[in-house]
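Undergrad:
Protein chains: 2
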Amino acid sequence: MPTVSGQMMQMPLSISSLIRHAARHAGDVEVVSRRVEGDLHRSTYAEVERRSRQVAQALARLGCELGERIGTLAWNGHRHLELFYGISGSGRVCHTVNPRLHADQIAWIINHAQDRVLFFDSTFLPLVEKLAPQLASVAHWVLMTARAQMPADSALKNLHCYEDLLAAEDGQWAWPEFDENTASGLCYTSGTTGMPKGVLYSHRSTVLHALGQVSVDAMGIGSRDVVLPVTPMFHVNAWGVPFAAPMVGAKLVLPGSRLDGASLHELMESERVTFTAGVPTVWLGLITHMKAHRLQFSTLRRTVIGGAACPPAMMRTLEDDFGLEVIHAWGMTETSPLGTLAHLKAKHAALDAESRRALQQKQGKVIYGVDLAIVDADDRPLPWDGCTPGQLLVRGQWVVDHYLGSSESPHIDLAGERWFPTGDVATIDADGYMQITDRSKDVIKSGGEWISSIVLENIAMAHPAVHEAAAIACHHPKWDERPLLVVVRKPGADVSAADLLRFFDGKVASWQVPDDVVFVDELPHTATGKLFKMALRQAYRDHRLPGV
Amino acid sequence: MPTVSGQMMQMPLSISSLIRHAARHAGDVEVVSRRVEGDLHRSTYAEVERRSRQVAQALARLGCELGERIGTLAWNGHRHLELFYGISGSGRVCHTVNPRLHADQIAWIINHAQDRVLFFDSTFLPLVEKLAPQLASVAHWVLMTARAQMPADSALKNLHCYEDLLAAEDGQWAWPEFDENTASGLCYTSGTTGMPKGVLYSHRSTVLHALGQVSVDAMGIGSRDVVLPVTPMFHVNAWGVPFAAPMVGAKLVLPGSRLDGASLHELMESERVTFTAGVPTVWLGLITHMKAHRLQFSTLRRTVIGGAACPPAMMRTLEDDFGLEVIHAWGMTETSPLGTLAHLKAKHAALDAESRRALQQKQGKVIYGVDLAIVDADDRPLPWDGCTPGQLLVRGQWVVDHYLGSSESPHIDLAGERWFPTGDVATIDADGYMQITDRSKDVIKSGGEWISSIVLENIAMAHPAVHEAAAIACHHPKWDERPLLVVVRKPGADVSAADLLRFFDGKVASWQVPDDVVFVDELPHTATGKLFKMALRQAYRDHRLPGV
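Protein sequences, first through last, are from chains X and U.
The letter at position 375 of the first sequence is residue 377 when you use the working numbering, and the numbering goes up by one with no holes.
The letter at position 168 of the second sequence is residue 170 when you use the working numbering, and the numbering goes up by one with no holes.
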């Protein structure tokens, strides 16, 4: 192999370089946050960078070693942004925990990650107080608020006030340089099996993802944009927007916990937002609110919709009634998350509206840095003809190699190259447009959150009266999907639907409990004895859930 | 330092990944070339990728080792593009030689680089035949044409036909994987001192440059664009466009040697070009032609102008008369070349036309990946106030570390970080907009080509009648700048302007010969005894050159 090296400067692709760039070249650009306290807080990239350095100093003062995981349970806000940079930029690992999970899952995840410090919004104080006794690795608890909002008393030992921690530091601290493959962030995917799995991002993967993300055929974010990530920062880092916006010096608007239609529309209008990204459920709330009050957008122009398939009617409404450019996207925690976006190509300029929409309804094409393949059951590549479905594989600069703490690689080898099996079934057409035809191993996507069917089935099967159970996705007008349990009772046993659903209380988050139970005599199986869920989904797709 | 690594896939940023991406995801997108043969040749990214693999196979068959330099003397065309990928993608170094240099410089550069094979367009056959005896390192000569256009006879031993070489290969060859810091390309800068210096790009620097380049605040190139790089591929790789276009799957139009206004306008219209990049001189020709024939652009929307300052009147004409978005840019061979672009920020939306134009006339702001500083004579940082000029320093992912074959580093250390001194003098304002106030060590920029004032002075000083000489830039309506020689004759000696200019014949390319000579009694000097060229430029800025 070649021995001649290029003679260009060597500098790591680092997360700190993003906020340093923003502070130097867009220092006065605003970061606006709806805080848990209720106020609208105004900061700038220069201030975020300074306070991120104070976060780094505070972490050192708390005794955090480099490489240690620091947990967050927080909404989208400026303090969470400061933590993103202060934690990762100083060589520690920012572990964003999803507060919407069941308390037991949260505890399991924090213990698995061995978080050393936990930062949390006041919303989550009761949750954290309850979990604290189970979280042996956590040495410090930091409430992300000012002194005046601190509780008079708390069960938490070593409870710190975020603003006090920062006030004790002078910011006289320089960003360190280290290998760009150093771990920077950690997200757990509840995925398709019961056990959450940790994806450990690196500085390099995060920066390359951001570079891909801002390109015209991805999110196309520039310095003149005002960007509002609706997607929570605990969902794959708000899809990377908190890294992309400072990279280009775009104003960043963080909506906090208020994701209802009225609050979002008001914030988008008052801050002159031009670009947003979120799941279909959020748009449902916005559309309902805007139609009821005959509202329009004065500055919003583009939105990326992902996390679940965007219903065709929603895309039409957003384009035709509200004048938005809607960009359908697909990705997963394991892909940082951007995989594909349904931008049209030059050759599609002449398409009629219907053909254009049909393409935009697909999950789209990759951007440089990611590649796709589809294979059959024997891992043989399948043709890109737009109609042959296959197991979807992905590889790329920001795709997971292996999960945290797992020695086994989930990868498939194709012609000497490693590919990550997504678990999704998809077609790819001759132009590279991918369309998912079956869900990743039957996961149920409720309002952008994934519910593991296996977790639900395992609970149901633990009930003494249950012989076999399948949890499948059932269409829901608001949540897109809700879980339905299809159950075979044990011979002679008896249990009602209501009793069985009560059995889930305290075992999963309340919104993860199935909406209904259908009792059957037997469940369909494949030749190899596995549950044949596709047949079940077809049979119960339009099952009328209670309350719908 | 941290010991925890992220667990994301590891794959090199490689030049081959760009053309592989284009072939897989935009395989039918066209690459259109105006060939030396005169015809308009139509290819696709799939075909360019396949033929690049054949180039790689042919190089192996010719006995080229990995890491060896392969020279090109060629216009912008599909074969040159195939060489870019076939040479670099296979682990060799693509050395683009500027055929506009004087033959002696070309020979010096090829010998310094130790090129092993030389590929050249038929335009340059007489030149190559003349130089061949001096080029000991070159083992093979490849004329970039088909068998029918090969000369019946040639002084060159081992003269190959490009199409024959490719036809002998089957393309059954897989792109190899190697370290991303491997050298990929080589460009010599004639720069500000007499001796050309080689900048050895790496795969990593080239790919990161392309990622930065396609972003909205740089060239903003997307898959729906049709891109025509007017800048020759021997000028810092046509500013990186041949890497950026495949990265996003944009149609590429390569104009060959025909850079006159009529040819360019016809090609832009017939191929529906939306984006172009070039030097001001090219625009002068286009504007003259279009005004004379009352033409407009039907598809062209944006242009990046760099290589020399864009005259304000030209920017106004392009914007007001031809409806283009003009993006003023600055860079150098040592910066790959993108350094800054004069995009406006969101805060400038409310500016009046005059203030907006004043900003756009600056060289602009950096994109992520590059940073700027200005320092005084003692290397102390100067304020970003828009009025304090200082020595311009640059650092970044695609900035040179040191020149080929040079052990000494040209860098300046600021707070532990290495910065490359550009030799330019500039101001930077509070928003990061850089403006060059003095030229890099007095280089003369004639039609986008740099003429070293030192080379001219050295020749003049070699004349027996010359005591001291200064070569300075003099304004020229077509070429932007042309060299003027200011000369002090030796006591008692006599020489006419015409005699002195004839003395340059054969020592530099004819277009590098000064346009005029002014004889003076003495030249101004600085306190340290150096020529004070700024004073000379001020005195002779509007000197009326012969023929103007």
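Even for Gly, the Cβ is constructed at its ideal location relative to N, Cα and C.
Everything numeric in this text was worked out from a predicted model, so none of it was measured.
1) Check whether chain X comes within 8 Å of G193 (chain U), counting only Cβ atoms and requiring the distance to be less than that.
2) I want to see whether chain U comes within less than 8 Å of M197 (chain X), judged by CB atoms only; does it?
3) Below 8 Å on the Cβ atoms is my contact criterion, and I expect L85 (chain X) with V57 (chain X) to pass it. Report the Cβ-Cβ distance as a whole number of Å.
4) Within 10 angstroms of the Cβ of K293 (chain U), are there 16 or more other Cβ atoms? Answer buried if so, exposed if not.
5) Please check if any C-beta of chain U sits within less than 8 Å of the C-beta of N183 (chain X).
6) Is G193 (chain X) buried or exposed, if buried means 16 or more other CB atoms sit within 10 Å of its CB?
7) Any contact between the segment 509-517 of chain U and the segment 478-486 of chain U? By contact I mean 3 or more CB pairs, one from each, below 8 Å.
8) D373 (chain U): which of U:D544, U:L120, U:L340, U:V550 sits nearest, CA to CA?
9) Count the CB pairs spanning the segment 113-123 of chain U and the segment 243-251 of chain U that are closer than 8 Å, and state whether there are at least three.
10) Hey, could you find the ends of the beta strand (DSSP E) L395 (chain U) is sitting in?
11) Comparing the C-beta of Q399 (chain U) with each C-beta of chain X, is any distance below 8 Å?
12) Counting only beta-carbon separations shorter than 8 Å, does Q9 (chain X) have a partner in chain U?
13) Which chain U residues are close to A222 (chain X), counting only those with a beta carbon under 7 Å from its beta carbon?
14) If S45 (chain X) and V33 (chain X) are in contact, beta carbons under 8 Å, what's the gap, nearest whole angstrom?
15) Leaving out the 5 sequence neighbours to the left and right, which residues in its chain are closer than 8 Å to R491 (chain U) when beta-carbon positions are compared?
16) Under a Cβ-count criterion, where at least 16 other Cβ atoms within 10 Å of its own Cβ denotes burial, should Q393 (chain U) be classed as buried or exposed?
17) Taking the alpha carbon of K535 (chain U) as the reference point, which residue from U:C163, U:L213, U:R504, U:I446 has its own alpha carbon closest?
18) Grab the span of the beta strand (DSSP E) containing I430 (chain X) for me, first residue to last.
19) Going by the CB atoms, is the gap between M317 (chain X) and V306 (chain X) shorter than 8 Å?
20) What does the Cβ neighbour count give for R274 (chain X), buried or exposed, with the cut at 16 atoms within 10 Å?
21) Using 8 Å as the threshold, is the C-beta distance between P234 (chain X) and W77 (chain X) below it?
22) Are the CB atoms of G287 (chain X) and G263 (chain X) nearer to each other than 8 Å?
23) Taking the alpha helix (DSSP H) that H283 (chain X) falls in, what are its first and last residues?
24) Could you work out which residues of chain X lie near S225 (chain U), taking near to mean beta carbons separated by less than 9 Å?
25) Between which residues of its own chain and V144 (chain X) is the CB-CB distance below 6 Å, once the five residues before and five after are set aside?
26) How would you write the range of the beta strand (DSSP E) that G214 (chain X) sits in, first residue to last?
27) Measure the Cβ-Cβ separation of M11 (chain U) and R420 (chain X) and say whether it is below 8 Å.
28) Measuring CB atoms only, is the segment 79-93 of chain U touching the segment 132-143 of chain U, in the sense that at least three cross pairs come out at less than 8 Å?
29) Give a yes or no on whether the C-beta atoms belonging to R226 (chain X) and K509 (chain U) are separated by under 8 Å.
30) Are T191 (chain X) and E321 (chain X) closer than 8 Å when you measure CB to CB?
31) Any idea if M270 (chain X) is buried or exposed, counting beta-carbon neighbours within 10 angstroms, 16 or more meaning buried?
32) Excluding sequence positions up to five away, which residues of its chain have a Cβ less than 6 Å from the Cβ of L256 (chain U)?
33) By alpha-carbon positions, which one of U:L254, U:W285, U:W481, U:H330 ends up nearest to I223 (chain U)?
34) Would you say G392 (chain X) faces chain U, with C-beta separation under 8 Å as the test?
35) Taking C-beta pairs closer than 7 Å, name the residues in chain U that D172 (chain X) reaches, listed in chain order.
36) Give the single residue among U:Y370, U:M463, U:S19 whose Cα lies nearest to the Cα of L213 (chain X).
TA: A quick look at the data gives this:
1) The residue given as residue 193 (chain U) occupies position 191 in the second sequence. Residue placement at G193 (chain U) cannot be trusted, given a pLDDT of 47 that sits under 50; what the coordinates show is reported in the next sentence. It does not: the Cβ of G193 (chain U) has no partner Cβ on chain X nearer than 8 Å.
2) In the first sequence, residue 197 (chain X) corresponds to position 195, counting from 1. With 8 Å as the cut-off, M197 (chain X) does not count as an interface residue toward chain U.
3) Taking the first residue of the first sequence as position 1, residue 85 (chain X) is located at position 83. Taking the first residue of the first sequence as position 1, residue 57 (chain X) is located at position 55. Contact holds; Cβ gap of about 6 Å.
4) Against the second sequence, residue 293 (chain U) aligns to sequence position 291. It is exposed - the Cβ of K293 (chain U) has fewer than 16 other Cβ atoms within 10 Å.
5) On the first sequence, residue 183 (chain X) is found 181 positions in, with the first residue counted as 1. Taking Cβ atoms only, chain U reaches closer than 8 Å to N183 (chain X), which makes this a yes.
6) Here residue 193 (chain X) corresponds to residue number 191 of the first sequence, with the count starting at 1. Because the pLDDT of G193 (chain X) is 47, which lies under 50, any placement of that residue in the model is unreliable, and the number read from its coordinates should be weighed accordingly. By the Cβ-count criterion, G193 (chain X) is buried, with 16 or more other Cβ atoms from all chains shown falling within 10 Å of its own Cβ.
7) yes
8) Here residue 373 (chain U) refers to the residue found at position 371 when the second sequence is read from its first residue. For the residues U:D544, U:L120, U:L340, U:V550, the minimum Cα distance to D373 (chain U) belongs to U:L340.
9) no
10) Indexing the second sequence from 1 puts residue 395 (chain U) at position 393. From DSSP, the beta strand (DSSP E) with L395 (chain U) extends over 392-398.
11) The residue given as residue 399 (chain U) occupies position 397 in the second sequence. Yes, Q399 (chain U) lies at the interface with chain X (some Cβ there is under 8 Å from its Cβ).
12) As a first step, residue 9 (chain X) is located in the first sequence; it is residue number 7 there, counting from the start. It does; some Cβ of chain U falls within 8 Å.
13) As a first step, residue 222 (chain X) must be located in the first sequence, where it is residue number 220. Reading off the sequence, residue 222 (chain X) comes out as Gly, not Ala. What G222 (chain X) touches in chain U: V218.
14) Here residue 45 (chain X) corresponds to residue number 43 of the first sequence, with the count starting at 1. Here residue 33 (chain X) corresponds to residue number 31 of the first sequence, with the count starting at 1. Sure, about 4 Å apart at Cβ, within 8 Å.
15) On the second sequence, residue 491 (chain U) is found 489 positions in, with the first residue counted as 1. Closer than 8 Å at the Cβ level, and outside the excluded window around R491 (chain U), lie A467, V468, H469, V497, F521.
16) What you label residue 393 (chain U) is simply residue 391 of the second sequence in a count that begins at 1. By the neighbour-count rule (16 or more Cβ atoms within 10 Å), Q393 (chain U) is buried.
17) Counted from its first residue, the second sequence places residue 535 (chain U) at position 533. When only C-alpha atoms are compared, the closest one is U:I446.
18) The residue labelled residue 430 (chain X) in the question sits at position 428 within the first sequence. From DSSP, the beta strand (DSSP E) with I430 (chain X) extends over 419-430.
19) As a position in the first sequence, residue 306 (chain X) is number 304, starting the count at 1. As a position in the first sequence, residue 317 (chain X) is number 315, starting the count at 1. For V306 (chain X) and M317 (chain X), no; Cβs fall outside 8 Å.
20) Residue 274 (chain X) sits at position 272 when you count from the first residue of the first sequence. Classification for R274 (chain X): exposed.
21) Stepping through the first sequence from its first residue, residue 234 (chain X) is reached at position 232. Stepping through the first sequence from its first residue, residue 77 (chain X) is reached at position 75. Contact flag set, yes.
22) The sequence position of residue 287 (chain X) within the first sequence is 285, counting from 1. The sequence position of residue 263 (chain X) within the first sequence is 261, counting from 1. Contact flag set, yes.
23) The residue labelled residue 283 (chain X) in the question sits at position 281 within the first sequence. According to the sequence shown, residue 283 (chain X) is Thr rather than His. Its alpha helix (DSSP H) spans residues 282-294.
24) What you label residue 225 (chain U) is simply residue 223 of the second sequence in a count that begins at 1. Within 9 Å Cβ-Cβ: V218, D219, H345, L346, K347, A348, K367.
25) Within the first sequence, numbered from 1, the residue matching residue 144 (chain X) stands at position 142. A distance below 6 Å between beta-carbons, with the five flanking residues on each side excluded, links V144 (chain X) to the following residues of its chain, in chain order: F121, H162, Y164.
26) Here residue 214 (chain X) refers to the residue found at position 212 when the first sequence is read from its first residue. In the DSSP annotation of this structure, G214 (chain X) is not part of any beta strand (DSSP E); the continuous alpha helix (DSSP H) holding it starts and ends at 205-215.
27) Taking the first residue of the second sequence as position 1, residue 11 (chain U) is located at position 9. Taking the first residue of the first sequence as position 1, residue 420 (chain X) is located at position 418. A contact, by the Cβ cut-off of 8 Å.
28) no
29) Within the first sequence, residue 226 (chain X) is the residue found at index 224, counting from 1. Within the second sequence, residue 509 (chain U) is the residue found at index 507, counting from 1. Contact flag unset, no.
30) Here the question's residue 191 (chain X) lines up with position 189 in the first sequence. Here the question's residue 321 (chain X) lines up with position 319 in the first sequence. Taking 8 Å as the Cβ cut-off, T191 (chain X) and E321 (chain X) do not qualify as a contacting pair.
31) Within the first sequence, residue 270 (chain X) is the residue found at index 268, counting from 1. Counting Cβ neighbours within 10 Å, M270 (chain X) comes out buried, since at least 16 surround it.
32) Against the second sequence, residue 256 (chain U) aligns to sequence position 254. Result list for L256 (chain U): S35, N78, G79, in chain order.
33) Counting from one through the second sequence, the residue named residue 223 (chain U) turns up at place 221. The shortest Cα separation from I223 (chain U) among U:L254, U:W285, U:W481, U:H330 belongs to U:L254.
34) Here residue 392 (chain X) is taken as the residue at index 390 of the first sequence, counted from 1. It does not; no Cβ of chain U falls within 8 Å.
35) Along the first sequence, one-based indexing puts residue 172 (chain X) at 170. Correct list: empty, because the minimum Cβ distance to chain U is about 18 Å.
36) As a first step, residue 213 (chain X) must be located in the first sequence, where it is residue number 211. Between L213 (chain X) and the set U:Y370, U:M463, U:S19, the nearest pair of CA atoms involves U:Y370.
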